[in-house]
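>
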Amino acid sequence: MDDGPGQGREQLRFSVLGPVRAWRGETPLAAGSPQQRALLAGLLLRGGHTATAAELVDALWGEEPPHAALAALRTYASRLRKALGDDAAVLVSESGGYAIRSVDGLPLDLDHDHAEQYAAEAEKAKAAGDRCRARELLDAALALWDGEPLAGLAGPYADTQRTRLDEWRLSLMETRLELDLEVGCHAEAVSELTALTAAHPLRERLRELLMLALYRSGRQAEALAVYADTRQLLDDELGVDPRASLSELHQRILQADPELDAPATARDGQGGSSEPAFVRPQQLPATVADFTGRTTFVAELSEQLATAEGRVMAVSALTGIGGVGKTTLAVHVAHAAHKHFPDGQLYVDLQGAGHSPSDPEAVLGAFLRALGTPDASIPNGVEERAALYRSSLAGRRILALLDNARDAAQVRPLLPGTEGCAALITSRARMIDLAGAHLVDLDVMSPDEAFTLFTLIVGEERVNAEREASMDVVGACGFLPLAIRIAASRLASRRTWTVSVLARKLADERRRLDELRAGDLAVKATFELGYGQLEPQQARAFRLLGLADGPDISLAAAAALLDMDTDRAESLLESLVDTSLLESAAPGRYRFHDLVRLYARSCAERDEQPPAERDAALSRLLDFYLATAAHMYTLERPGDRLVDHMETPNYPGLVFTDRSEALSWLFSETRCLIACALQNTGEGALRRAVDLLLLTRDMAESGANNRQYEQANLTLLAAALEADDQHAAGRAHWPLAIIYTQLGKLSEADEHAKLATLLGLAAGDSFSAANGLNDRGIIASIQHHHEEAEAYLNQALIAFRDNDNKQSEASALCNLSRVHLDTGRVDSAVALAEKAVAQYQESGASRRMANGRYNLGMALTLANRLDEATQQLSEALIGFRNSRQRFWEGMTYIRLAEVELAARRPAKAANFAEQALTALRGIGGDRWRANALTTLGHALRQVGHTGRAKVCWQEVLSIHEQMGLPMDSEAHKLITPVAVA
């Protein structure tokens, strides 16, 4: 019997990880001249893809090919075919070029392909914690090299590939050596590392590994000598210091860091492991009990998910108009596929169809926490979090359901990217630019499926009694699942209605979805079904709730918007939840589906008459937020006179029992407050919106929301300028001065503070004018313009005293204390700070008291009253922490570090400085990070970590050069040689 093509032949084998050679079985084949072998290598390394004649000529000869290059190329190809004999068919001619690929089942065997496979399997084994297996696989990959890759071949392509293959081999060796150290084979690794560092003297990672291997072998002096040699070599050859990780390892060796002693495997399984706990997230929403139909789509998606185990990543993107049932189908399929993902399922609503889609960085943070990563181990930045996310998924089989995505850019960082994992995405946008995704377009239900869904919700008895009317209903719904569910739910909740009653209500075409239409108009027609069946009070609530721009709304805020008590409002809102037109996001909080919100707003614009009713509803909501914020501000800053100078709200707000409750309200309502302010830029509301942001500025001063707060103030400022409202403009300038000062943008900050002062004076607003002067004093002090600073602050003091504003007067005293401190008047600085603290104590201002103690602690430090300074700063730290002011927590840690330096306790100083860097991460701007790094550098230098200290100061120098700021003279002196080099 014929075995078929390719059967019974010995396998062709090729090598490029050394001399370019070919075999049939164990028999060598004549590969020909160097140019002929260069052609063979060029084709083998293209993975079966065709290389054009022009590409091959360029690969072999570069920019100066011989006159008869094409003829020579054809000759080499002909000779290769002869050498391949019966297997000549693997050399394919097409489109004027050549390729080497498997033909008719003839197997090809290339050492490069085997090395790639071994390396990939090693990576998987390493991720799964099987280090021994990973070492074996890497050894197998490295064993395939046989001297210099592409040995003896000339030409640009061969040179480029040779460099690439050499670098790849070194990278594999570094990984294998890292594993050697992790499994305790440090003594064995020393000799190999010694040879490698001699061959590649500037490769710092090899030097790091050699130092660690020597140290673990009990050869500490040699390990330190390696660092000294490396540092000298890098300075001589490149004029740079060793990289930070090498310097840090050097310091750890000097300190005999106990964590360097034992390889990682020795710590595996120990109770004190710092590895994240293995958590199996189960985040999928509940599937609906009445899911029906979609058989083809369920099978298609299920098949995709079932094959995830053998693929790098299975990605399915489900697309369709709003209300077509994308989420319902995706959740159903995800639940059905749970057996393929035993390590858990992740879920997130990406809010892609709304004005504020979810930030991938925030989503990654939530996913990492769900996977067991401690908050302290979650880095900032999308790229860093995405990398840690993929690492956390390595070796696991997890499904990520990414619901309601805006576009491919939003979901790319959230894709698992590892074998065995899968992503299921729903979106209104067809993600044709999402590489490798299986795209599924979800259409409306078939008539049979729609009828079945309607029957499941309403009940067989009622539907069977009026089958024709039931078909009329689902037909009027356009077979759109959301429309059917809304209509059927209304019918099911009204036992006195017949199906015919509902069918007659839907007879008007304007209330039906035309299945041939798409987009918002079709979706609006669907929602019209539910809206048209609402009772008058329900319909009014639905319309007015759609006016608010926030991501959701609290029960109390909704009650204000609707102008009713909370009990009545709750009853109405819950009835809307029952119709699925409103969602209950959490107890006491409600939200619209994004398209339902748009529809509700269009209903308000159409049906809410007179139009003044809409404005009145938004005005009540603004007044509610303003009155609540005023009460929160009064609790947080007793004695502060801002509340006396703000616009008077005409609607009451919440009343809090304590500061903690008030702050919780502020930080939970941040996005709603900003949205409300932005929505009220018109005449009659603008000043209240500006005052709302002033009263809630603690959310920006904490550092957590300063970007959104900044943008909101800029928007209100633009509106005030357009309206020629000097009062509102002055008040909008003031918080911008605070924000930009915190961010270190001092020129912009001073300009806003100046305009706050000038516009405040022009508008007769003493509050803006006085605070603008105070801020100008702060800014001038930071810029070391001490005479200007003192003049501004003395003017501010007079203005605050004239207004009997004790808290602001104490603030100006604190700032004046800082000027005295900077100009060497330490005793008067202490006295001014003590006076400020006394005034804060008198008014009971616990939040501002922390600022007073902070300034007093600084003054006491320079007065060398260090124990008192520590006490004041420690109490300030508690105050800032209780007020959730993370920025000021970070600044206080810097001041505590300065106290410890003055007390000659550099180790404690370094600890506080590190805590400052952690607290200030992602907030406050580079200027304050530079302050923390400067202090950390001094502490490290005093404990002997000079190399690492210089690394800190180098970063400080870079920041200061970018910002045009002076630098600590001692630090600058120490790092100037590094900078020059």
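Sequence positions in the sequence shown follow this note's numbering and run 1354 to 2334. Heads up, the beta-carbon is just placed ideally off N, CA and C, and yes, glycines get one too. Given the structure is predicted, the values throughout are model-derived calculations rather than measurements.
1. Report back the beta-carbon spacing between Ala-2263 and Arg-2201 to the nearest angstrom; my notes put them in contact at under 8 Å.
2. Is the distance from the Cβ of Ala-1790 to the Cβ of Ala-1670 below 7 Å?
3. Mind checking Pro-2002: buried by the 16 CB within 10 Å criterion, or exposed?
4. So what does DSSP say about Trp-1376, is it helix, strand or coil?
5. Thinking C-beta only, is Leu-1915 closer than 7 Å to Ala-1922?
6. Ala-2076: which of Ser-2100, Ala-1687, Thr-2034 sits nearest, CA to CA?
7. From Leu-2169 to Ser-2134, what does the alpha carbon distance come to, in whole angstroms?
8. Between Phe-1694 and Arg-1750, how many whole angstroms is the CB-CB distance? I'm expecting something under 8 Å.
9. Excluding the 5 residues preceding and the 5 following Arg-1743 in the sequence, name in chain order all residues of the same chain whose CB lies nearer than 7 Å to its CB.
10. Identify every residue that forms a DSSP beta bridge with Ile-1778.
11. Ends of the beta strand (DSSP E) at Glu-1447?
12. Can you pull the DSSP bridge partners for Ile-1906?
13. Just the Cα atoms here: how many angstroms apart are Gln-2194 and Leu-1754?
14. Quick one: give me the first and last residue of the beta strand (DSSP E) that His-2105 is part of.
15. Per DSSP, which residues does Ala-1452 bridge with? Please list them.
16. Compute the distance between the beta-carbons of Ser-2196 and Gln-2224, then report whether it is under 7 Å.
17. Count Cβ pairs between the stretch 1797-1815 and the stretch 1679-1698 that sit closer than 8 Å; are there 3 or more?
18. Could you say if the stretch 2266-2284 and the stretch 2212-2232 meet the contact criterion of at least three C-beta pairs nearer than 8 Å?
19. Per DSSP, His-1791 is paired with what?
20. With a cut-off of 8 Å, do at least 3 Cβ pairs link the stretch 2115-2130 to the stretch 2149-2158?
21. Give every residue of the same chain whose Cβ lies closer than 6 Å to the Cβ of Asp-1794, excluding the five residues on either side of it in the sequence, and list them in chain order.
22. Where does the unbroken beta strand (DSSP E) through Val-1701 begin, and where does it stop?
23. In its own chain, which residues sit with a C-beta less than 7 Å from the C-beta of Ala-1576, not counting the 5 before and 5 after it?
24. Can you check which of these residues, Ser-1368, Glu-2251, Ala-1511, Glu-1520, is closest to Leu-1461 by C-alpha distance?
25. In chain order, what residues of the same chain lie with their CB nearer than 6 Å to the CB of Leu-1654, ignoring the 5 residues before and after it?
26. From which residue to which residue does the beta strand (DSSP E) around Arg-2248 run?
27. Would you list the one or two residues that DSSP bridges to Thr-1405?
28. Expressed to the nearest angstrom, what Euclidean distance is found between the alpha-carbon atoms of Thr-2287 and Gly-1718?
29. Between the C-alpha atoms of Thr-1403 and Ala-1394, what's the straight-line distance to the nearest angstrom?
30. When you compare the CB positions of His-2298 and Leu-2254, do they come within less than 7 Å of one another, or not?
31. Label Arg-1863 either buried or exposed according to how many other C-beta atoms from any shown protein chain fall within 10 Å of its C-beta, with 16 as the threshold for buried.
32. Less than 8 Å between the CB atoms is what I'm expecting for Arg-1454 and Gly-1401, so what's the real figure, rounded?
33. Hey, how far is the Cα of Ser-1799 from the Cα of Arg-1759?
34. Please list, in chain order, all residues of the same chain as Leu-1562 whose beta carbon is under 6 Å from its beta carbon, the five residues on each side excluded.
35. Give a yes or no on whether the C-beta atoms belonging to Val-1443 and Arg-1484 are separated by under 7 Å.
36. Taking Ala-1822 as the reference, give the member of Ser-1853, Leu-2108, His-1603 with the closest Cα.
By the coordinates alone:
1. That belief does not hold up - the Cβ atoms of Ala-2263 and Arg-2201 are roughly 30 Å apart, past 8 Å.
2. yes
3. buried
4. strand
5. yes
6. Thr-2034
7. 9 Å
8. 5 Å
9. Pro-1769, Gly-1770, Thr-1771
10. Ala-1670, Leu-1755
11. 1444-1447
12. Tyr-1943
13. 53 Å
14. No beta strand (DSSP E) holds His-2105; the alpha helix (DSSP H) holding it covers 2099-2116.
15. Val-1445
16. no
17. no
18. no
19. Ser-1669
20. yes
21. Thr-1672
22. 1698-1702
23. Met-1564, Leu-1567, Tyr-1568, Ile-1606
24. Ser-1368
25. Ser-1669, Val-1686
26. Arg-2248 -> not in any beta strand (DSSP E); alpha helix (DSSP H) instead, spanning 2239-2255.
27. Gly-1450
28. 30 Å
29. 13 Å
30. no
31. Per-residue confidence for Arg-1863 stands at a pLDDT of 45, beneath the threshold of 50, marking its modelled position as unreliable; no derived number is given.
32. 4 Å
33. 27 Å
34. Leu-1530, Leu-1546
35. no
36. Ser-1853
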